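Novice:
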Amino acid sequence: MNRTATLTAENGPFFGLTPDLLDLQSEVRSFSLRRLRDRARELEWEPKPHDRIAWDLLQEVSDRGWRTIGLPREVGGGGASALELALLVEELAYGDMGFAVLIDQCLKVQRIVYGLSSGTTRERFLERFTGDPHCLLSICFTEPETSSDYIIDGGDFRFRTRAEQRPDGNWVLNGYKRFVSNAPEASVLCVFACTDERRPAVSGTSAFLVYADDPGFEVIETHEKMSQRGNNNGRMRFDDIVLPPDRLLGEAHHGYAGSRQILKESAITAGATTLGTARAAYELALEHARTRVQGGAPLFSHANVRCRLAEMYCELESARSLIWRAAWAVEHDPNYDYRLSSAAKVHAAEVAMRTCLSAAEVFGGLSIMYRECDVNKFVRDCMSFLHSDGAQDSHRLRIAAMTEEMLAEDG
Ligand SMILES: Cc1cc2nc3c(=O)[nH]c(=O)nc-3n(C[C@H](O)[C@H](O)[C@H](O)COP(=O)(O)OP(=O)(O)OC[C@H]3O[C@@H](n4cnc5c(N)ncnc54)[C@H](O)[C@@H]3O)c2cc1C
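Once you know that position 135 of the sequence shown is 552 in our numbering, the rest is easy, because the numbers rise by one and skip nothing.
(1) What does the Cβ neighbour count give for Thr820, buried or exposed, with the cut at 16 atoms within 10 Å?
(2) Short of 8 Å in beta carbon distance, which residues of its chain neighbour Glu748, apart from the five on each side in sequence? Order them along the chain.
(3) Is there at least one non-hydrogen atom of ligand 1 closer than 6 Å to the beta-carbon of Thr559?
(4) Cα separation between Pro436 and Thr538?
(5) Leaving out five residues on either side along the sequence, give the residues of the same chain with a beta carbon under 6 Å from the beta carbon of Ser839.
(6) Just confirm the distance between the C-beta atoms of Thr694 and Phe596, as a whole number of angstroms; I'd bet it's less than 8 Å.
(7) Which same chain residues end up closer than 8 Å to Ala422 when comparing Cβ atoms and leaving out the 5 residues on each side of it in sequence?
(8) Counting Cβ pairs, one atom from each stretch, are 3 or more of them under 8 Å apart for the stretch 695 to 710 and the stretch 652 to 670?
(9) Please go through the same chain and pick out, in chain order, the residues whose beta-carbon is closer than 8 Å to the beta-carbon of His670, but skip the five residues on each side of it.
(10) Is any non-hydrogen atom of ligand 1 found closer than 6 Å to the C-beta of Gly807, if you look at the structure I gave you?
(11) Assess, as a yes-or-no matter, whether the stretch 628 to 646 is touched by the stretch 793 to 809 under the definition of 3 or more beta carbon pairs within less than 8 Å.
(12) State the Cα-Cα distance for the pair Arg756 and Arg454, rounded to the nearest angstrom.
(13) Straight-line CA distance for Gln711 to Phe717?
(14) For Trp472, which residues in the same chain have their Cβ closer than 7 Å to its Cβ, ignoring the five residues on either side in sequence?
(15) Quick check on the DSSP output: the beta strand (DSSP E) that includes Ala556 runs from which residue to which?
(16) Applying the 10 Å Cβ sphere with the 16-neighbour rule, what's the burial state of Gly433?
(17) Looking at the secondary structure, which residues open and close the alpha helix (DSSP H) in which Lys504 lies?
(18) With 16 as the cutoff for other CB atoms within 10 Å, does Trp741 come out buried or exposed?
(19) Quick one: residues in its chain with C-beta nearer than 7 Å to the C-beta of Pro715, no 5 flanking neighbours on either side, listed in chain order?
(20) Comparing the CB of Val597 with every heavy atom of ligand 1, is any distance shorter than 6 Å?
(21) Which residues mark the beginning and the end of the beta strand (DSSP E) in which Ala379 is found?
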């Protein structure tokens, strides 16, 4: 049952950061504080969704190598570990969750494409992605009819989006996806489609690269969200899109299983994103508690407020410990326990929600005055991760299913 039993004291987790990681953390933190946070607030309610994206900062992030950091160094990436990815998105979300997700989606897709593809598929993708500093990527699972199913994964589900291979070798893609981050602006989308209806998703789903300029691709709607307004989510249609064989990622029918294996860290970075925003809420609340005087003394001198802030600190540290522990295990544990990824996401997202609501309590009525206090934005942003990257209960059900499997294996 203990899947991490192979870890010993020698190769066990190190709860500190190397000088390189500390440098990355401080560089991103400073970018977030100096450049990102105010800019995100300024752009959040722009009437046109496209204008809510900080394109100039995306350029800067690309120039700094963070957008491509998940690719191996030999193809111009940063060769980042799961822990580096978690640090990067935590610090970006410390500035703005929407912007952090903009980048995190690129990190996920670049790892899937690189991991599953080779030859011309990989070369063409890299050319598009690394050659254009504004190139955004999307990962497309969610459909109107099939959504939590793909996270829970225990059932006999199939994606409704379908691709059929014609005798000439080309694939024809049809269907709908929705809620997908970056979709309205993405140049390249990684789309999961059923390619063998006789089999469940795990052995009957293929992953394809769709380019935004492919005939038959359409973003039908840009969703108006209350959270993460620094990126846009789309509902899309794939209408008889003809995809040449080199748009298939990896083996036919195994795209879903293959991508899930590569994306061990996806739920971990989701957790790290919520942690970054929650930490920002905590720091603002602490600062406010030190300066706001009520009852003849700063709020921070009142026992209830002190306890609240202490609890926020405890919760943030517990979330970070689990995220780092899971990220570390991704790289080092040959028997990686996939439950850790879901645990990191579920715990951090719950902590983030509680922390932001506590911060709002410390700010009192000011937290409702949207131009005067960032905390309402943090509450809204963190709420998105109760569902984004999978509903909380879906991850709990996934943990339970994996536990059951392990118990069965152990007899
Ligand atoms: C901000 C944001 C960004 C997103 N970005 C992306 C993206 O980039 N790509 C992408 O593919 N998707 C994306 N999503 C979609 C996200 O993955 C889904 O919202 C999530 O998987 C939940 O699906 P749903 O919203 O359809 O909820 P539903 O599946 O309708 O679930 C509703 C509720 O029912 C419960 N439930 C559902 N099924 C079961 C079951 N079988 N047993 C018990 N309980 C169940 C759930 O736990 C949940 O509480 C995003 C969502 C948001 C909010």
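Even for Gly, the Cβ is constructed at its ideal location relative to N, Cα and C.
Remember, predicted model here, so these are calculated numbers, not experimental data.
Specialist: The answer reads as follows:
(1) Counting from one through the sequence shown, the residue named residue 820 turns up at place 403. Looking at its Cβ environment, which holds fewer than 16 other Cβ atoms inside 10 Å, Thr820 is exposed.
(2) Here residue 748 is taken as the residue at index 331 of the sequence shown, counted from 1. Closer than 8 Å at the Cβ level, and outside the excluded window around Glu748, lie Ser498, Ala499, Leu500.
(3) The count along the sequence shown starts at 1 and reaches residue 559 at position 142. Because some heavy atom of ligand 1 lies under 6 Å away, the Cβ of Thr559 counts as near it: yes.
(4) Stepping through the sequence shown from its first residue, residue 436 is reached at position 19. Stepping through the sequence shown from its first residue, residue 538 is reached at position 121. In a straight line, the C-alpha of Pro436 is about 36 Å away from that of Thr538.
(5) Any answer about residue 839 is impossible in this case: the structure gives the chain only from 418 up to 828.
(6) Taking the first residue of the sequence shown as position 1, residue 694 is located at position 277. Taking the first residue of the sequence shown as position 1, residue 596 is located at position 179. Thr694 to Phe596, Cβ: 19 Å. No contact.
(7) On the sequence shown, position 5 is the one that residue 422 refers to. Caution is warranted here: a pLDDT of 49 is assigned to Ala422, below 50, making its placement in the model unreliable, and the coordinate value is therefore given only provisionally. Here the set comprises Asn752.
(8) no
(9) If you number the sequence shown from 1, residue 670 lands on position 253. Cβ neighbours of His670 beyond the five flanking positions: Thr612, Asp613, Arg616, Ser620, Gly621, Thr622, Ser623.
(10) Taking the first residue of the sequence shown as position 1, residue 807 is located at position 390. Flag set: Cβ of Gly807 near ligand 1.
(11) yes
(12) Translated into the one-based positions of the sequence shown, residue 756 becomes position 339. Translated into the one-based positions of the sequence shown, residue 454 becomes position 37. Cα-Cα distance, rounded: 33 Å.
(13) Working through the sequence shown from its first residue, we reach residue 711 at position 294. Working through the sequence shown from its first residue, we reach residue 717 at position 300. Computed Cα separation, rounded: 10 Å.
(14) Working through the sequence shown from its first residue, we reach residue 472 at position 55. Only His551 meet the Cβ criterion.
(15) Residue 556 sits at position 139 when you count from the first residue of the sequence shown. According to the sequence provided, residue 556 is Ile. The question's Ala does not apply to it. Start and end: 554 to 557.
(16) Looking up residue 433 in the sequence shown gives position 16. Exposed, since its Cβ has fewer than 16 Cβ neighbours within 10 Å.
(17) Position 87 of the sequence shown, counted from the first residue, corresponds to residue 504. The question names Lys, but residue 504 in the sequence shown is Leu. It spans 499 to 512 - the alpha helix (DSSP H) in which Leu504 sits, taken as one unbroken run.
(18) As a first step, residue 741 must be located in the sequence shown, where it is residue number 324. Buried.
(19) For this step, residue 715 is matched to residue 298 along the sequence shown. Only Ala706, Arg707, Thr708, Arg709 meet the Cβ criterion.
(20) Translated into the one-based positions of the sequence shown, residue 597 becomes position 180. Checking every heavy atom of ligand 1 against the Cβ of Val597, one is found closer than 6 Å.
(21) The shown model of the chain, from 418 to 828, leaves out residue 379, and the question about it has no answer.
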